[in-house]
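What follows is one structure encoded as structure tokens, with my remarks underneath.
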Amino acid sequence: MGDTGPTGPVMDRDEVDRALARLGAEHEAIETSLLALQDHAGRRLLEGAELTGVTAERWSAAEASITLLWTYFDAYTGALRTAREIRSRRRWSSREDLVELTELLRGEAVTVAGSAAATANAPTLHGGPGRLSERYSLVTLVDRMNQLYATSLDMVVAADAVWSALPARIDLLAAELGRTRKLAHSVGVRPGEHPAGDDLERITRTLTRLREQVVCDPLAFWTPAQGSSAPGGGRPDTTVYDREARALEEVRREIDAVLAVRQDAEQRIVRLRDVLSRADRTLAEARTARGEVLAKIAATEVPVVGGPPIVLQEQLAAAAEYRRHAQWHRLSPLLESLEEKAEDELLRARESLTAVTAPLAVRAELRGRLDAYKAKMARLGHAEDPELAEKYEKARRMLWSAPCDLRVAEQAVLRYQQAAAELLGTARRVPGQGGPVDRTGPGA
């Protein structure tokens, strides 16, 4: 086409028809999107909520953008209607009609009152303060509406996503918290008396505050997706919720432990009494054995035996009192501590008995060795040897007399073993004399 106007070459009828068809399709798509945004559950919630913080600030701008969107859409609708009316005047549009349509479809022929944007607190196309009026082409107006729609939808979708995810989860956790509080109260886990009771109070305060904040300022709990330009790209920030859920689970485990104590407390206390009783009897046996050792063994240091575990008995009595008054939260840690200490006490008592009776065990071993070697020599026909009989009798008197000097008695037994070895004509050596040791034993 050779004819031109302020907007370039004048469009022919086919170009006009194609442009009107395209603009009509865009108009229908924009109208559908705007109506969907108008009916969006998140937008309705935002309109009726008492917002604070970043959500209140962004919703104020979003409301202005939505208002401006409808203003732009009305102007776009009017321009499109005018263009269709011009095209429908006659089947074959005149040159004047085509010039007018070219200006309307390609030029900045749509006027939007600037006061609308300024009043709505929305950003203008060119930035800066709003003008009394602004002129747009239909293409520019569509781009502008797409931008405003995307930012508005992003804000609405993000708020709706947080409201859809967090309050319901907080309510479920609060219900679980209520059940846990009742259970804790039934076993004596209360604030100021047990750490778990204090934790429950803190979790309750935190969840109450969290729910209020989520309802009033949902965008404060929204994490945008990195590198995503799609409206609503991101996820709700559940950091605080997750932390309190973990804390409640720890409290629940603590209460379960207290409940377990309530169920088997009597059996555990009975077992503790038995362990401490055995430790007491073992210590009594060790004290008796110490007196016997001091009377029968000479020149031996015998360790002192301690007294019964009075402190543990007092703690056991306190545990029984806690059980009687259903103070399970106090009984639980006390029983755990007592069980460990009682086993340690029984082990200490057994070690004391072993240490005290060690000299008697040594004497018994020497007696057994001496008699075994005597039996061996008798089997070999040397029972009547005078020297051997003399050494045996000397060792026997030392071992069966009181007090017994173990060091001297051991040397006497070794001398008897050495004499027996020499009588048999062997080159064996007995323990304690150096050289090879007789490994054949008394029954060889």
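Our numbering applies: residue 1 is where the sequence shown begins, and numbers increase by one.
Beta carbons are placed, not taken as given, at the ideal position from N, Cα and C, and that holds for glycine.
Nothing here was measured: the structure is a model prediction, and the numbers come from that model.
6 angstroms Cβ shell around residue 115 - same chain, five flanking residues per side excluded: One-based indexing of the sequence shown puts residue 115 at position 115. Any reading at residue 115 must be qualified, since the residue scores a pLDDT of 46, below 50, and its modelled position is unreliable; the value itself is stated next. For residue 115, where only same-chain residues beyond five positions count, there are no Cβ hits under 6 angstroms.
Cβ contact check for the segment 309-324 and the segment 379-399: 3 or more pairs under 8 angstroms: no
Nearest-angstrom Cα separation, counted from residue 356 out to residue 304: The count along the sequence shown starts at 1 and reaches residue 304 at position 304. The count along the sequence shown starts at 1 and reaches residue 356 at position 356. In a straight line, the C-alpha of residue 304 is about 8 angstroms away from that of residue 356.
Complete alpha helix (DSSP H) runs within the segment 33-73 (minimum length 4 residues, chain order): 41-48
Spatial neighbours of residue 247 in its chain, beta-carbon cut-off 7 angstroms, leaving aside the 5 residues before and after: As a first step, residue 247 must be located in the sequence shown, where it is residue number 247. Around residue 247: 199, 203.
C-alpha distance - residue 126 paired with residue 144, whole-angstrom precision: To locate residue 126, count along the sequence shown from 1; it is residue 126. To locate residue 144, count along the sequence shown from 1; it is residue 144. Since pLDDT at residue 126 reaches only 47, below the 50 mark, its modelled position is unreliable, and the value read off the structure follows with that caveat. Spanning the two alpha carbons is a distance of roughly 11 angstroms.
Inter-residue Cα distance where the pair is residue 308 and residue 328: The residue given as residue 308 occupies position 308 in the sequence shown. The residue given as residue 328 occupies position 328 in the sequence shown. Going by the C-alpha atoms only, they are around 27 angstroms apart.
Secondary structure of residue 154, DSSP reduced to three states: Position 154 of the sequence shown holds residue 154. Reduced to three states, the DSSP call for residue 154 is helix.
The segment 333-341 contacting the segment 308-318, beta-carbon criterion three pairs below 8 angstroms: yes
Spatial neighbours of residue 139 in its chain, beta-carbon cut-off 6 angstroms, leaving aside the 5 residues before and after: Locating residue 139 in the sequence shown gives position 139, counting from the first residue. None.
Cβ-based burial, residue 345 [other Cβ within 10 Å; buried from 16]: On the sequence shown, residue 345 is found 345 positions in, with the first residue counted as 1. Buried, by the Cβ-count rule.
CB contact check: residue 157 to chain C, cutoff 9 angstroms: In the displayed structure, chain C is absent; only one protein chain is listed.
Contact check, residue 174 vs residue 208, beta carbons under 9 angstroms: Within the sequence shown, residue 174 is the residue found at index 174, counting from 1. Within the sequence shown, residue 208 is the residue found at index 208, counting from 1. Against a cut-off of 9 angstroms, the Cβ pair of residue 208 and residue 174 comes out as a contact.
DSSP state of residue 405 mapped onto helix, strand, coil: Position 405 of the sequence shown holds residue 405. Strand, per DSSP.
Extent of the continuous alpha helix (DSSP H) run through residue 352: Start at 1 with the first residue of the sequence shown, and residue 352 comes out as number 352. Taken as a continuous stretch (DSSP letters only), the alpha helix (DSSP H) holding residue 352 covers 328-379.
Cα-Cα separation, residue 396 to residue 410: Position 396 of the sequence shown, counted from the first residue, corresponds to residue 396. Position 410 of the sequence shown, counted from the first residue, corresponds to residue 410. In a straight line, the C-alpha of residue 396 is about 11 angstroms away from that of residue 410.
Extent of the continuous alpha helix (DSSP H) to which residue 133 belongs: Sequence index remark: in the sequence shown, residue 133 carries index 133 (1-based). Residue 133 -> not in any alpha helix (DSSP H); beta strand (DSSP E) instead, spanning 133-136.
Rounded straight-line distance, which links the Cα of residue 171 to that of residue 47: As a first step, residue 47 is located in the sequence shown; it is residue number 47 there, counting from the start. As a first step, residue 171 is located in the sequence shown; it is residue number 171 there, counting from the start. Between residue 47 and residue 171, the C-alpha separation is close to 23 angstroms.
Three-way DSSP call (helix, strand, coil) for residue 91 in this model: In the sequence shown, the residue the question calls residue 91 occupies position 91. In this structure, residue 91 counts as coil in the three-state DSSP scheme.
Stretch-stretch touch, CB-based, cutoff 8 angstroms, three pairs: the segment 25-34 with the segment 61-73: yes
Distance between residue 211 and residue 40 (C-alpha atoms, nearest Å): Position 40 of the sequence shown holds residue 40. Position 211 of the sequence shown holds residue 211. The straight-line gap from Cα to Cα measures roughly 22 angstroms.
Straight-line Cα distance separating residue 231 from residue 146: The sequence position of residue 146 within the sequence shown is 146, counting from 1. The sequence position of residue 231 within the sequence shown is 231, counting from 1. When rounded, the distance between both Cα atoms is 12 angstroms.
Beta-carbon separation (whole angstroms), residue 135 vs residue 110, contact threshold 8 angstroms: Residue 135 sits at position 135 when you count from the first residue of the sequence shown. Residue 110 sits at position 110 when you count from the first residue of the sequence shown. 7 angstroms between Cβ atoms; contact.
Opening and closing residue of the beta strand (DSSP E) in which residue 234 lies: For the purposes of this step, residue 234 is identified with residue 234 of the sequence shown, where counting begins at 1. Taken as a continuous stretch (DSSP letters only), the beta strand (DSSP E) holding residue 234 covers 234-236.
As assigned by DSSP and simplified to three states, the class of residue 304: Numbered from its first residue, the sequence shown carries residue 304 at position 304. Note: residue 304 maps to coil in three-state DSSP.
The segment 188-197 / the segment 253-266 touching (three or more Cβ pairs under 8 angstroms): yes
Check whether residue 159 and residue 24 have beta carbons under 9 angstroms apart: Within the sequence shown, the letter at position 159 stands for residue 159. Within the sequence shown, the letter at position 24 stands for residue 24. No, these two residues do not count as a Cβ contact at 9 angstroms.
Bounding residues of the beta strand (DSSP E) (the contiguous stretch that carries residue 386): In the sequence shown, counting from the first residue as 1, residue 386 sits at position 386. Element bounds for residue 386: not the beta strand (DSSP E) but the alpha helix (DSSP H), 386-400.
Touching by the beta-carbon criterion (3+ pairs, under 8 angstroms), the segment 356-374 and the segment 403-417: yes
Touching by the beta-carbon criterion (3+ pairs, under 8 angstroms), the segment 49-66 and the segment 212-223: yes
Residue span of the alpha helix (DSSP H) that contains residue 293, given as start and end: In the sequence shown, the residue the question calls residue 293 occupies position 293. Where residue 293 is concerned, the enclosing alpha helix (DSSP H) stretches over 239-296.
Member of 420, 418, 363 whose CA lies at the smallest distance from the CA of residue 403: As a first step, residue 403 must be located in the sequence shown, where it is residue number 403. Checking every option, the nearest Cα to that of residue 403 belongs to 363.
Anticipated Cβ contact below 8 angstroms, residue 349 with residue 282, distance rounded: Counted from its first residue, the sequence shown places residue 349 at position 349. Counted from its first residue, the sequence shown places residue 282 at position 282. Right, their Cβ atoms sit about 4 angstroms apart.
According to DSSP, residues forming a beta bridge with residue 224: Walking along the sequence shown from the start, residue 224 turns up at place 224. The partner list for residue 224 (beta bridge, DSSP) reads 234.
Beta-carbon gap between residue 94 and residue 113 smaller than 9 angstroms: For this step, residue 94 is matched to residue 94 along the sequence shown. For this step, residue 113 is matched to residue 113 along the sequence shown. Contact: no.
Of the listed residues 186, 280, 236, 177, nearest to residue 244 (C-alpha basis): For the purposes of this step, residue 244 is taken as residue 244 along the sequence shown, with counting starting at 1. Per the Cα distances, 177.
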